[in-house]
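What follows is a short report on a single structure.
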Amino acid sequence: MGRVIAIANQKGGVGKTTTSINLSACLAEAGKKVLAVDIDPQGNTTSGLGIDKGRNKNTIYQVVIDECTIEDAILKNIYENLDLVPSDVNLAGAEIDLIGIENREYILKEQISRVKDNYDFIIIDCPPSLTMLTVNAMTAADTVLVPIQCEYYALEGLSQLIHSIKLVKKKLNPGLEIEGVVFTMYDARTNLSLQVVENVKENLNQAVYKTIIPRNVRLAEAPSHGLPINVYEPKSAGAESYRMLAEEVINNKGV
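What follows is the structure, encoded as structure tokens:
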């Protein structure tokens with residue numbers, strides 16, 4: 139049965155989607171069968187994996203509003219071992235569509251349970267806010283992986299996110315755990331990045347992945363080409379880092 143990992147941080151610009159795309163691709167490269175699920179209305183995981191956001195008849199939006207099943211929305215083998223449930227801008231209206239729906243927090247969980255046995259990992263890219271979509275992802279997930287940018291306000295809002303995860307665990311998903319924190323956009327040339335890492339380790343009573351994702355030009359360029367970093371620039375520091383993170387996730391080291 140597959141491990142379901144929600145990648146979440148209510149703060150935008152922390153490398154959440156970059157991590158969703160490249161962790162999925164590197165897990166697939168390592169021979170694991172992976173399903174990436176894009177539940178961010180911006181659809182950046184979808185376009186970052188080379189899929190045109192406006193051209194898919196069935197997306198996660200149709201799944202959420204019960205117009206199709208998750209099997210109908212899966213795009214198979216966009217890369218070897220990697221399938222995708224795409225998103226598009228229509229998903230922005232899902233919050234309104236779900237008003238008054240019974241057990242609306244469990245919609246994604248019920249759908250994912252239909253295909254969970256087909257995959258080693260299911261990676262869910264959440265919106266950068268605590269919406270009903272994020273709650274659905276956390277209710278469906280086994281664990282939440284939290285990317286943190288190495289910058290001054292790294293801890294801002296993180297306690298709220300952890301509180302929300304604990305709330306979902308208490309009310310909706312008793313098995314939910316924090317997979318771990320992964321540092322992104324690390325700049326070895328600045329003392330600030332090092333200070334942030336030390337500060338978070340001291341103040342955060344959570345597992346922290348050993349792999350740190352560097353600030354990397356190739357990593358920033360890859361989404362505009364619709365390619366994960368291990369395909370766009372396989373020998374780059376960014377590609378090597380996400381391979382190391384994938385290895386850690388597979389072995390669950392340090393978590």
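One point on numbering: in this note's numbering, the residue at position 206 of the sequence shown is 344, and numbering is uninterrupted. Quick reminder that beta carbons are idealized off the backbone N, C-alpha and C, glycines included. Quick caveat: nothing in here was measured; it's all calculated off a predicted structure.
Which residue's Cα is closest to the Cα of residue i: the options?
i           : options               : result
residue 224 : 239, 218, 236 and 208 : 208
residue 267 : 377, 258 and 152      : 152
residue 165 : 260, 269 and 281      : 260
residue 334 : 370, 272, 140 and 291 : 291
residue 257 : 304, 390, 141 and 288 : 141
residue 357 : 327, 348 and 370      : 370
residue 328 : 305, 204, 289 and 338 : 289
So, with DSSP's three-state summary, where would you put residue i?
i           : result
residue 141 : strand
residue 376 : helix
residue 163 : helix
residue 210 : helix
residue 394 : The structure shown does not extend to residue 394, since the chain spans only 139 to 393, so no value can be given for it.
residue 255 : helix
residue 329 : helix
residue 384 : helix
residue 284 : strand
residue 279 : coil
residue 361 : helix
residue 191 : coil
residue 299 : helix
Does the distance from the C-beta atom of residue i to that of residue j stay below 9 Å?
i           : j           : result
residue 416 : residue 314 : The structure shown does not extend to residue 416, since the chain is modelled only from 139 to 393, so the question has no answer here.
residue 278 : residue 300 : no
residue 361 : residue 159 : yes
residue 187 : residue 212 : no
residue 243 : residue 281 : no
residue 287 : residue 322 : yes
residue 183 : residue 176 : yes
Since residue i and residue j should fall inside the 8 Å C-beta cutoff, what is the C-beta to C-beta distance between them, to a whole number of angstroms?
i           : j           : result
residue 229 : residue 198 : 6 Å
residue 380 : residue 351 : 7 Å
residue 253 : residue 173 : 7 Å
residue 275 : residue 310 : Residue 275 to residue 310, Cβ: 11 Å. No contact.
residue 264 : residue 144 : 6 Å
residue 219 : residue 170 : 6 Å
residue 407 : residue 196 : Here the chain has residues from 139 to 393 only, and residue 407 is not among them.
How should residue i be labelled, buried or exposed, when 16 other C-beta atoms within 10 angstroms of its C-beta is the threshold for buried?
i           : result
residue 355 : exposed
residue 330 : exposed
residue 392 : The predicted model places residue 392 with a pLDDT of 38, which falls under 50 and marks its position as unreliable; any figure quoted below should be read in that light. Residue 392 is exposed by the Cβ-count criterion.
residue 285 : buried
residue 89  : Missing from the structure shown is residue 89; the chain here goes from 139 to 393 and no further.
residue 368 : buried
residue 384 : buried
residue 240 : exposed
residue 270 : buried
Using a Cβ-Cβ distance cut-off of 9 Å, determine whether residue i contacts chain B.
i           : result
residue 246 : Among the protein chains of the structure shown there is no chain B, as only one such chain exists.
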